[in-house]
Amino acid sequence: MKVNHDVHLHNYLSSCCSDYQATAFSMIEQAEKTGLKLIGFSNHTWDESVPLPASSSFYKRQSIAYESQIKDELAEYTGSLKALYGAETEYCGMYDVLGMGKEAALQYDYLLIPHSHVHMRNFVMPATEDVTRARAVLAERLSAIEGITEERALALAQKLPEAELEPFMGEKTVDYVKYVSDFMVESFRGLMNNEVLKSYSDLVPISVAHPFQPVGSAPLGPAMLELISDNTFGELFEMAAKRGIGLELNNRAALPHILRMTGIAKECGCKFTFGSDGHGKAEMGVLFAIEDCFEPLGLTEYDLMDFVRV
Ligand SMILES: [Zn+2]
Ligand SMILES: [Zn+2]
């Protein structure tokens, strides 16, 4: 088997894409050059008919009305490569809110749903107690300065990146690796049990984007996964397999901690999709590193979800 599809692509309509030349057309051209047969665009999308569970300037912009502009570009393409219209929506584990309702979901060829955008603090994953306490301490100190109102102090304290909060934290009470690891287990389970997803997972192909890969904390990924037992993975992946919900493989697929996880998923009967998460054509090449996991896992095209088999 060769990697011949990439269904995790963002063009310039995703606001985290800094490549303004990243048109759908330029990425389709790149895909043709590298021999792909099928690609899918999955810009970040929040269905505007679903109320945001907390404020998010990011998702306010990523509405369906906005990102569906890509359809015009896709309609102009007449080549032989199959180009799908998908979306990477959001699952806010801490609120059990899915960013795509049924009516909207049915407009897409497929959906990617992440459960591990843990960098979206207090939207996807709650900030740790240590961080919350440090922000409160900082706000108090700022409001003691003449000319800074309490409201302004709170706003400033919210803005400071977590990495710079250390001096205000005092003694830490939270083991961050365990915290995120536990969160990812619960958010995966929550996603599988989410009622809205249940209403359409039989009708639209769904793949979990970068499963158990903590966005923003990638270097800690191996330590976080080590805390998750084979049994727990087995229990979670059986839920996905039973529902026909797939898992995404990316350029980390051959790393030992990901291999262990994927091996269990395969045994449970899960199907897979490939995705580079490329935001522009320069990032699309990383996709082929996935091939390094085929042999150790014994992965064949029968392990792929139906909609990506060409
Ligand atoms: Zn993502
Ligand atoms: Zn993405």
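If you're matching positions, the sequence shown starts at 657 in the working numbering and goes up one per residue. Even for Gly, the Cβ is constructed at its ideal location relative to N, Cα and C. From a predicted model like this one, the values you see are computed outputs, not experimental measurements.
Under the three-pair Cβ rule at 8 Å, the region 695-702 counts as touching the region 730-745. Boundaries around GLY902 are those of the beta strand (DSSP E), 902-905, since no alpha helix (DSSP H) includes it. A distance below 8 Å separates the beta carbons of GLY890 and CYS924.
DSSP places SER855 within a helical segment (H, G or I) once states are collapsed to three.
Residue selection by CB proximity (closer than 7 Å to any heavy atom of ligand 1) returns GLU744, PRO770, HIS773, ALA865, HIS866, VAL871 and ASP933 in chain order.
Not one heavy atom of ligand 2 lies closer than 7 Å to the C-beta of HIS775. Exclusion of HIS661 from the 7 Å shell around ligand 2 follows from its C-beta lying no nearer than that to any non-hydrogen atom of the ligand.
Using a Cβ-Cβ distance cut-off of 8 Å, the region 790-800 and the region 847-857 are not in contact, since fewer than three pairs of beta carbons, one from each stretch, lie closer than that value. Residue state for MET683 is assigned as helix, using DSSP reduced to three classes.
Residue burial annotation: SER863 is buried, with at least 16 other C-beta atoms found within 10 angstroms of its C-beta. Going by DSSP, ILE695 is part of the beta strand (DSSP E) stretching over 694-700. It is roughly 36 Å from the alpha-carbon of GLN686 to the alpha-carbon of LEU892.
About 11 Å separates the Cβ atoms of MET840 and HIS773, ruling out a contact at the 8 Å cut-off.
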